[in-house]
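Engineer: Here it is: the structure, laid out below.
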Amino acid sequence: MKKIALGILSLSIFLTACEDPAANKPKATTTNSATTAPANTQNTNAATAPPAKPATKGTALPLTAENSKVEFTGSKVTGKHDGGFKNLTGTIDLVNEKAEESSVWVEIDMKSIFSDADGLTKHLQTGDFFEVEKFPSAWFSSTKIVPDTAKGADNYTVTGDLELRGVKKSITFPAKITVSPAEVAVNAEFSINRKDFGIVYAGKADDLIRDDVVIRLNLKGSRTK
């Protein structure tokens, strides 16, 4: 009887499982950062201090929570949740009016995390997920921006260092970058594997959390008039 019951439960979960929101999104390539020693893939004692903001080579366009968004979608067998961060700072360093010569630097206040469920928001702040008391900041610093001519104008491949939950990795993902007289906008939607950054909480036995999380970037650096 137990086997039958388990079989019915498994079939029920399969039939009601939600679609994976990351399934049709580009998957970021993740490797060890060139600035991180292979043995030091995770800081288990304290958060690594964010790097100093890179020296400006062109025109510094500020990024704030008012003009930019970093959001995510995570999912499990029975559903999905959307969230993001209320506070961030950063800079688009526009060089020679060319995206490929420019760079992006963003620091995220992890304590400002929010989601579509209050209970989940509190859980995301704990050691099961982002452990925000120990790792209050996450940051991204681009190291290379390359035009993707196969996809047409304004399409690029961005590579940079992402540190999340004390783990620093180099990630590469597609983005659309537009340079206009009013602003420089960076838009991207891709997935990362949460386990690459030490987030390994599995969820409930009958409602497992998927590894891939969708990241959405909407960054806009307005030109100073």
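Using this note's numbering, count along the sequence shown one by one with no gaps and you end on 327. Ideal Cβ positions, reconstructed from N, Cα and C, are used throughout, including at glycine.
1. Is the distance from the Cβ of D328 to the Cβ of T245 below 8 Å?
2. For N189 and A167, which I take to be in contact (beta-carbon distance under 8 Å), what is that distance rounded to the nearest angstrom?
3. Determine whether the beta carbon atoms of T137 and D298 lie at a separation below 8 Å.
4. Give the straight-line distance between the Cα atoms of T280 and A255, rounded to the nearest whole angstrom.
5. Distance, Cα to Cα, I247 vs T175?
6. Less than 8 Å between the beta carbons of F292 and I311, yes or no?
7. On the CB-based measure, 16 or more other CB atoms within 10 Å of its CB, does Y303 come out buried or exposed?
8. Report all residues from its chain with a CB closer than 6 Å to the CB of K129; omit the five preceding and five following residues, and keep chain order.
9. By the three-class DSSP mapping on this structure, what secondary structure does S214 have?
10. If you follow the beta strand (DSSP E) that T245 is part of, which residue opens it and which one closes it?
11. Take L226 as the anchor and find which of V206, G186, V260, L196 has the nearest alpha-carbon.
12. Quick check on DSSP: helix, strand or coil for T223?
13. If you follow the beta strand (DSSP E) that D314 is part of, which residue opens it and which one closes it?
14. Run through the DSSP bridge pairs and tell me what V208 is partnered with.
15. Starting from T335, follow its DSSP beta bridges and name the residues at the other end.
16. Cβ of I215 within 8 Å of Cβ of F232?
17. On a Cα-Cα basis, can you pick out the residue from P283, A162, L319, A124 that is closest to G181?
18. Within the same chain, show all residues whose beta-carbon is closer than 7 Å to that of S204, passing over the 5 residues directly before and after it, in chain order.
Structural biologist: Quick answer:
1. Look at the range of the chain in this structure, 103 to 327, and you will see that residue 328 is not part of it.
2. 5 Å
3. no
4. 9 Å
5. 25 Å
6. no
7. exposed
8. S293
9. helix
10. 239 to 249
11. G186
12. helix
13. 314 to 324
14. G192, F242
15. The chain is shown from 103 up to 327; residue 335 falls before or after that span and cannot be answered.
16. yes
17. A124
18. G160, I194, D195, L196, V197, I247
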